[in-house]
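Colleague:
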Amino acid sequence: MVKVVKTRVEFEGRFRDEYTVVEGEPLEGWSPKSGLKIVGRPHPRVDGAAKVTGSAKYTHDVYLPGMVYGKFLRSPYAHAKITHIDASEAEGLPGVLGVYTYKNAATLGFGGAEKVFKQEVTYQGDVVALVLAQDESVAEDALELIRVEYEPLRPLVDPEEIMGLDSSKDRIVGPKLYERGDLEKGFAEADVIVEESFKTQAALHNCMETHGSVAHWEGDNLVVHTSTQSVFNVRSALSEELGIPQSKIRVVSEFMGGGFGSKFGAGEYTVVAAAAARLLGRPVRIVLDRVEENLATGNRSQTVQWVKIGAKRDGRITAIHLKGLVNVGEDGWVADLGGPAKMMYHCPNVKVELYGVKTNLVSSTAFRAPGYVEGDFALESAVDELARRLNMDPLELRLLNYATRDPVTNSEYSSKALREAYLKGAELIGWRSEPRVVRDGAKIRAKGVAGAIWWGGGGPPAYAEVKVNADGGVTVLTATQDIGTGTRTALAQIAAEELGLPFSSVRVVLGDTITELRSPGSGGSQTLASMGPAVRAAAHDAKNQLLEIASQVYDVAKERLTIREGSIFRSDGSVLCSVGELLGNLGDFSVTGRGAREPNQEGYMVNTFAAQFAEVEVDTETGTLRVLRLVSVHDSGMVVNPLTFTSQVEGGVIMGMGYALWEGRLVDGESGVVINPNLNDYLVARCSDVGEITPTYVEPEDPHTNSLGVKGIGEPPIIGVAPAIANALREAIGVRLRELPFTPERVYSAIKGINPRPTTAKYL
Amino acid sequence: MLVNPRRITLRVNGLNHMVTVEPRESLLDVLRKQLGLTGAKKGCDMGSCGACTVMVDGKSRLSCLTLAVSVEGMDIVTVEGLSRGELDPLQEAFVRNDALQCGFCTPGQVMSAKFLLDIIPKPSVEEVKYYMSGNICRCGAYPKIIRAVLDAAGEVKRNG
Chain A
1204 MVKVVKTRVE
1214 FEGRFRDEYT
1224 VVEGEPLEGW
1234 SPKSGLKIVG
1244 RPHPRVDGAA
1254 KVTGSAKYTH
1264 DVYLPGMVYG
1274 KFLRSPYAHA
1284 KITHIDASEA
1294 EGLPGVLGVY
1304 TYKNAATLGF
1314 GGAEKVFKQE
1324 VTYQGDVVAL
1334 VLAQDESVAE
1344 DALELIRVEY
1354 EPLRPLVDPE
1364 EIMGLDSSKD
1374 RIVGPKLYER
1384 GDLEKGFAEA
1394 DVIVEESFKT
1404 QAALHNCMET
1414 HGSVAHWEGD
1424 NLVVHTSTQS
1434 VFNVRSALSE
1444 ELGIPQSKIR
1454 VVSEFMGGGF
1464 GSKFGAGEYT
1474 VVAAAAARLL
1484 GRPVRIVLDR
1494 VEENLATGNR
1504 SQTVQWVKIG
1514 AKRDGRITAI
1524 HLKGLVNVGE
1534 DGWVADLGGP
1544 AKMMYHCPNV
1554 KVELYGVKTN
1564 LVSSTAFRAP
1574 GYVEGDFALE
1584 SAVDELARRL
1594 NMDPLELRLL
1604 NYATRDPVTN
1614 SEYSSKALRE
1624 AYLKGAELIG
1634 WRSEPRVVRD
1644 GAKIRAKGVA
1654 GAIWWGGGGP
1664 PAYAEVKVNA
1674 DGGVTVLTAT
1684 QDIGTGTRTA
1694 LAQIAAEELG
1704 LPFSSVRVVL
1714 GDTITELRSP
1724 GSGGSQTLAS
1734 MGPAVRAAAH
1744 DAKNQLLEIA
1754 SQVYDVAKER
1764 LTIREGSIFR
1774 SDGSVLCSVG
1784 ELLGNLGDFS
1794 VTGRGAREPN
1804 QEGYMVNTFA
1814 AQFAEVEVDT
1824 ETGTLRVLRL
1834 VSVHDSGMVV
1844 NPLTFTSQVE
1854 GGVIMGMGYA
1864 LWEGRLVDGE
1874 SGVVINPNLN
1884 DYLVARCSDV
1894 GEITPTYVEP
1904 EDPHTNSLGV
1914 KGIGEPPIIG
1924 VAPAIANALR
1934 EAIGVRLREL
1944 PFTPERVYSA
1954 IKGINPRPTT
1964 AKYL
Chain B
-4 MLVNPRRITL
6 RVNGLNHMVT
16 VEPRESLLDV
26 LRKQLGLTGA
36 KKGCDMGSCG
46 ACTVMVDGKS
56 RLSCLTLAVS
66 VEGMDIVTVE
76 GLSRGELDPL
86 QEAFVRNDAL
96 QCGFCTPGQV
106 MSAKFLLDII
116 PKPSVEEVKY
126 YMSGNICRCG
136 AYPKIIRAVL
146 DAAGEVKRNG
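First to last, the protein sequences are chains A and B.
Position one of the first sequence corresponds to residue 1204 (our numbering), numbered consecutively onward.
Position one of the second sequence corresponds to residue -4 (our numbering), numbered consecutively onward.
Spelled out as structure tokens, the structure:
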């Protein structure tokens, strides 16, 4: 029976209603106590061999016969007007098939072309022209032959400066307000009030595979290979821009080299490649280079935050006020810095006011737990200062103000084991058993803690099919993505577990809209919690059909049959037949099970949690800061694959460490030009930077989130890393650093009580 | 259309290939575009990330900074050349230890690790960190890359 159900679905803290079509009865929920044999055990990735041999094909690896290369000419200015542009010499270069600027953009044949190619460029890296050429080097040569004269205009890149300008009010978005209780009353009741201000820098995703697409047409059907987190988002954008039905577009992203939030949309490179391919009747490839990647694909927003927290003498928090400025670039979105302030603690009086500020930088975009990484740094640093003022252990203060219901909606949590995570982490780092600070000559080691909260319950619409073939092989059909998180492997485990067939017999198809099995984008830590239950339901349906067929073929009651390890067993434990035999005897019939993600249960708040402890070592003579140990304990529901789970945690922690210590887009405050748009000058963590990381989890039973009892793990590990390090650093040197990243110069200056030398370069 | 084309022989994974290249073309581009060997990746094209690492005459090289014409006659090994039918023990160790996530940097990581184990068969943790620091993994698989290389060092020894 097909049923249509309306259900509430969350994505990164924003809620919407979705309709979903479900078939069959709800399945009994899995939990760590269900006695599962394949789920919950470590399994190396099913696509590991493809990745270590180089046979995995990424978008970058797609080279089609007769393929044309597209390259963008981008603005060297943060703000300028093009007064003259002459592409004739470039057009005349042999091998050049077309040059497009704002003058002839309309002839590319898609709706938004005039918004891509502009006469007034508003950030460094904005598109000025496109060259299409037979070869990549010819395209590059042609770019140099385009003559452009610019009239530079004054760029505005610093939100604090803009807030003070009367002439720039139209650049301010908001305020975005949240309020509960009575803030004034809350502060009036407080015995102690801390007021702190913080700054966080813009961070660049730097996925190893830069953004790019290869588009070609087969008749009037468009096929696009693209490095994306959402094949369906890309398809709907292409449909809209090109004015063709979605059913005529196939978007493929079988392997993709990292997204971290930056690859949710089609991007102008995809739309332009598709339009150009239609125009030329040839495949067109547009792949950004590393500098373009860093100038033109977005970033985590730079923020300025003011936090005020009031508490009673016994430590109970009475009021939290967060005010924040978010640098959204040209036209980005205001990430919710207020998430942790609203959700982390049991506090009756809370106010959050956020202002977006538009600047002459590329539009900001989602980046692994957008807003919460920035907001948690401010909140958890301020809470640490509050603990000092109260003369309390910072861990005790967090446990004292622990929220047992969601403070925003007053709903119950589907599950919450953050307290257990704190206690487990404390044990592992030696919070109580070892000294908090140790001095060793010029070096000081110290420990700090921070908590983290995020989303990741997933939801519909998410569909899957599971085919069991006559040779006993299983094909899981989906159109989700594996962006490096191990989705393929986890889905294979789930299908094998539910079917009773060997893990090695399962193949997972994903990253291709041709299956028409709708799935959410791979972000918001929701892929497993959305897709996993859909795959389980499909496997369950396939299993039912297999048992029904066996029952009829062998004339045994279906209730007396089970499937284990590839064979169908009678209730007395004897083997009836193998699945392969059963289907082989039916003319190689292949069973197709269908499954949908069940609706979300009403009335529960689904959140993920983490307790993160850092031990740092500061060299007081150089200001160098090293993270010796990081213990990251997670509540993400049941863990499907402990091996890939710990990989997610380690990766998130390392990215968080880079954010805390080195990463940051440096912008010249006068010209608005980015100083470090490459991987030599923009510093991401390398192998030698990594200390000891302890990724682990507490596993609450969660019967309210989905039929697997799982929650996401992609984003939680990055959130509390910077504040845990900040708090450890404060413990070590006795001075609070309030601006990220904690470069050696900043740490040294803080220790010596001097100001870093002034330059025009700013972390914006 | 080619500027100053040269016809050269490149010895890649034990086979001689005739290619016509411009003197300015990188080994990486020739491997990927002309030979269809797309294992080595273009992460930055400026020698910062290590995703393009291959071996030339037994030494690890950044193929994006190597002109194809400059390695004529030399012995080039790409990640595709490590395994013939079955995985190299080093590749097996990467899979077993989950020393990869999105996998885009993995061919480069594997080649750097191969070079390390060729010159230091039993490296210390510090040596592994040092030799593997030319290869960026934005997913942050480093802890498991270190483990995989150490594991493979044991594996190599077991296999004699």
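Note that beta-carbon positions come from the ideal geometry of N, C-alpha and C, so glycine has one too.
Because the structure is a prediction, the values reported are computed rather than measured.
#1: Can you list the residues of chain B that Lys1254/A reaches, using a CB-CB cut of under 7 Å?
#2: Is there at least one Cβ from chain B nearer than 8 Å to Tyr1951/A's Cβ?
#3: Tell me, please, whether the CB atom of Val151/B is closer than 8 Å to any CB atom in chain A?
#4: Looking at chain A, which residues of the segment 6 to 39 of chain B have a Cβ within less than 9 Å of any of its Cβ atoms?
#5: Applying the criterion that 16 or more other CB atoms from any shown protein chain within 10 Å of the CB defines a buried residue, is Gly1446/A buried or exposed?
#6: Just grab the DSSP bridge partners of His1287/A for me.
#7: How is the beta strand (DSSP E) around Gly135/B delimited, first residue to last?
#8: How should Val1330/A be labelled, buried or exposed, when 16 other C-beta atoms within 10 angstroms of its C-beta is the threshold for buried?
#9: I'd like to check one pair, Gly1468/A with Asn1436/A: are the Cβ atoms closer than 8 Å?
#10: Gly9/B to Glu1895/A, Cα distance in whole Å?
#11: Can you tell me whether Arg1244/A is helix, strand or coil according to DSSP?
#12: Pull out every residue of the segment 1482 to 1502 of chain A whose Cβ sits closer than 7 Å to any Cβ of chain B, in chain order.
#13: May I ask you to list, following chain order, the residues of the segment 126 to 146 of chain B that have a beta carbon less than 9 Å from some beta carbon of chain A?
#14: Gly1557/A: which of Pro1543/A, Ala1253/A, Lys1379/A and Leu1348/A sits nearest, CA to CA?
#15: Nearest to Tyr1625/A by CA position, among Thr1562/A, Asp1871/A, Ala1817/A and Val1576/A, is which residue?
#16: Is DSSP giving Lys106/B helix, strand or coil here?
#17: May I ask which residues mark the beginning and end of the beta strand (DSSP E) holding Ile1896/A?
#18: Please state whether DSSP places His1743/A in a helix, a strand or coil.
#19: Since His12/B sits in a beta bridge, which residues does DSSP pair it with?
#20: Buried or exposed, going by whether 16 or more other CB atoms sit within 10 Å of the CB of Ala1682/A?
#21: Does the Cβ of Glu1398/A have 16 or more other Cβ atoms within 10 Å, making it buried, or fewer, making it exposed?
#22: Assuming Tyr1353/A and Ala1283/A are in contact, meaning their beta carbons sit under 8 Å apart, how far apart are those beta carbons, in whole angstroms?
#23: Answer yes if the segment 1400 to 1420 of chain A comes into contact with the segment 1591 to 1600 of chain A, meaning at least three C-beta pairs across the two stretches below 8 Å, and no otherwise.
#24: Applying the 10 Å Cβ sphere with the 16-neighbour rule, what's the burial state of Met1860/A?
#25: Quick check: the segment 89 to 107 of chain B against the segment 43 to 55 of chain B, are at least 3 beta-carbon pairs closer than 8 Å?
#26: Just to confirm, is the Cβ distance from Val1924/A to Thr1716/A under 8 Å?
#27: Would you call Tyr137/B buried or exposed, if buried means 16 or more other Cβ atoms sit within 10 Å of its Cβ?
#28: Using 8 Å for Cβ pairs, my map puts Arg1389/A next to Asn1552/A. What's the rounded Cβ distance?
#29: Among all the DSSP beta bridges, which residues are the ones paired with Gln96/B?
#30: Please check if any C-beta of chain E sits within less than 8 Å of the C-beta of Ala1569/A.
#31: Starting from the beta carbon of Leu82/B, find every residue of chain A whose beta carbon is closer than 8 Å, and list them in chain order.
#32: Would you decide whether Phe89/B is buried or exposed? Buried here means 16 or more other CB atoms lie within 10 Å of its CB.
#33: When you compare the CB of Met50/B with every CB in chain A, is at least one pair closer than 8 Å?
#34: Relative to the C-alpha of Arg79/B, which residue among Pro1845/A, Val1255/A and Val1652/A is closest?
#35: Please report the distance separating the alpha-carbon of Thr1963/A from that of Leu1564/A.
#36: Hey, out of Gly1377/A, Phe1812/A and Arg1691/A, whose CA is closest to Ala1253/A's CA?
Modeller: On the basis of the coordinates in this document:
#1: Position 51 of the first sequence holds residue 1254/A. Counting only Cβ-Cβ distances below 7 Å, Lys1254/A has contacts in chain B at Leu95, Gly98 and Thr101, in chain order.
#2: Residue mapping note: residue 1951/A aligns to position 748 of the first sequence, counting from 1. No, no contact with chain B.
#3: Along the second sequence, read from residue 1 onward, the residue named residue 151/B stands at position 156. Legend: pLDDT at Val151/B = 43, less than 50; position of this residue unreliable, value from coordinates given subsequently. So no, Val151/B is outside the interface.
#4: Answer set for the segment 6 to 39 of chain B: Glu17, Arg19, Glu20, Asp24, Arg27, Lys28, Gly31, Leu32, Thr33, Gly34, Ala35, Lys36, Lys37, Gly38 and Cys39.
#5: For this step, residue 1446/A is matched to residue 243 along the first sequence. Classification for Gly1446/A: exposed.
#6: Working through the first sequence from its first residue, we reach residue 1287/A at position 84. In the DSSP assignment, His1287/A forms a beta bridge with Glu1352/A.
#7: Within the second sequence, residue 135/B is the residue found at index 140, counting from 1. Unbroken run through Gly135/B: none, as it is neither H nor E.
#8: Residue mapping note: residue 1330/A aligns to position 127 of the first sequence, counting from 1. By the neighbour-count rule (16 or more Cβ atoms within 10 Å), Val1330/A is buried.
#9: Residue 1436/A sits at position 233 when you count from the first residue of the first sequence. Residue 1468/A sits at position 265 when you count from the first residue of the first sequence. Contact: yes.
#10: Here residue 9/B refers to the residue found at position 14 when the second sequence is read from its first residue. Here residue 1895/A refers to the residue found at position 692 when the first sequence is read from its first residue. Annotation: Gly9/B to Glu1895/A spans about 40 Å, alpha carbon to alpha carbon.
#11: Against the first sequence, residue 1244/A aligns to sequence position 41. DSSP places Arg1244/A in coil when its eight states are reduced to three.
#12: For the segment 1482 to 1502 of chain A, the residues whose beta carbon sits under 7 Å from a beta carbon of chain B are, in order, Asp1492 and Arg1493.
#13: Only Tyr126, Met127, Ser128, Gly129, Asn130, Ile131, Cys132, Arg133, Cys134, Gly135, Ala136, Tyr137, Pro138, Lys139, Ile140 and Ile141 from the segment 126 to 146 of chain B bring a Cβ to less than 9 Å from some Cβ of chain A.
#14: Translated into the one-based positions of the first sequence, residue 1557/A becomes position 354. First, the amino acid is wrong: residue 1557/A is Leu here, not Gly. The option with the nearest alpha carbon to Leu1557/A is Lys1379/A.
#15: Position 422 of the first sequence, counting from 1, holds the residue named residue 1625/A. Nearest C-alpha to Tyr1625/A among Thr1562/A, Asp1871/A, Ala1817/A and Val1576/A: Ala1817/A.
#16: Here residue 106/B refers to the residue found at position 111 when the second sequence is read from its first residue. It is Met, not Lys, that sits at residue 106/B in the sequence shown. Correct three-state label for Met106/B: helix.
#17: In the first sequence, counting from the first residue as 1, residue 1896/A sits at position 693. Residue range Glu1895 to Tyr1900 is occupied by the beta strand (DSSP E) that includes Ile1896/A.
#18: For the purposes of this step, residue 1743/A is taken as residue 540 along the first sequence, with counting starting at 1. Helix, per DSSP.
#19: Stepping through the second sequence from its first residue, residue 12/B is reached at position 17. The bridge partners DSSP lists for His12/B are Leu5/B.
#20: Walking along the first sequence from the start, residue 1682/A turns up at place 479. Buried is the call here.
#21: Position 195 of the first sequence, counted from the first residue, corresponds to residue 1398/A. Here Glu1398/A is exposed: its Cβ has fewer than 16 other Cβ atoms, across all protein chains shown, within 10 Å.
#22: Indexing the first sequence from 1 puts residue 1353/A at position 150. Indexing the first sequence from 1 puts residue 1283/A at position 80. Tyr1353/A to Ala1283/A, Cβ: 4 Å. Contact.
#23: The segment 1591 to 1600 of chain A makes no contact with the segment 1400 to 1420 of chain A: fewer than 3 CB pairs, one atom from each, lie closer than 8 Å.
#24: In the first sequence, residue 1860/A corresponds to position 657, counting from 1. Classification for Met1860/A: buried.
#25: With the cut-off at 8 Å, the segment 43 to 55 of chain B and the segment 89 to 107 of chain B touch.
#26: Numbered from its first residue, the first sequence carries residue 1924/A at position 721. Numbered from its first residue, the first sequence carries residue 1716/A at position 513. In this structure, Val1924/A lies away from Thr1716/A, with their beta-carbon atoms at least 8 Å apart.
#27: Residue numbering aside, residue 137/B sits at position 142 when the second sequence is read from its first letter. It counts as buried.
#28: As a working mapping, residue 1389/A is identified with position 186 in the first sequence. As a working mapping, residue 1552/A is identified with position 349 in the first sequence. First, the residue type needs correcting, since residue 1389/A is Gly and not Arg in the sequence shown. Here Gly1389/A really is in contact with Asn1552/A; their C-beta atoms are around 3 Å apart, less than 8 Å.
#29: Stepping through the second sequence from its first residue, residue 96/B is reached at position 101. According to DSSP, which records beta bridges pairwise, Gln96/B is partnered with nothing at all.
#30: Going by chain labels, chain E is absent from the structure shown, which instead holds the protein chains A and B.
#31: As a working note, residue 82/B is residue 87 in the second sequence. What Leu82/B touches in chain A, judged by beta-carbon distance under 8 Å, is Ala1252, Val1255 and Thr1256, going in chain order.
#32: Here residue 89/B refers to the residue found at position 94 of the second sequence. So Phe89/B counts as buried.
#33: Residue 50/B sits at position 55 when you count from the first residue of the second sequence. Output row for Met50/B: interface = no.
#34: As a working note, residue 79/B is residue 84 in the second sequence. The shortest Cα separation from Arg79/B among Pro1845/A, Val1255/A and Val1652/A belongs to Val1255/A.
#35: On the first sequence, position 760 is the one that residue 1963/A refers to. On the first sequence, position 361 is the one that residue 1564/A refers to. Between Thr1963/A and Leu1564/A, the C-alpha separation is close to 16 Å.
#36: Translated into the one-based positions of the first sequence, residue 1253/A becomes position 50. Between Ala1253/A and the set Gly1377/A, Phe1812/A and Arg1691/A, the nearest pair of CA atoms involves Arg1691/A.
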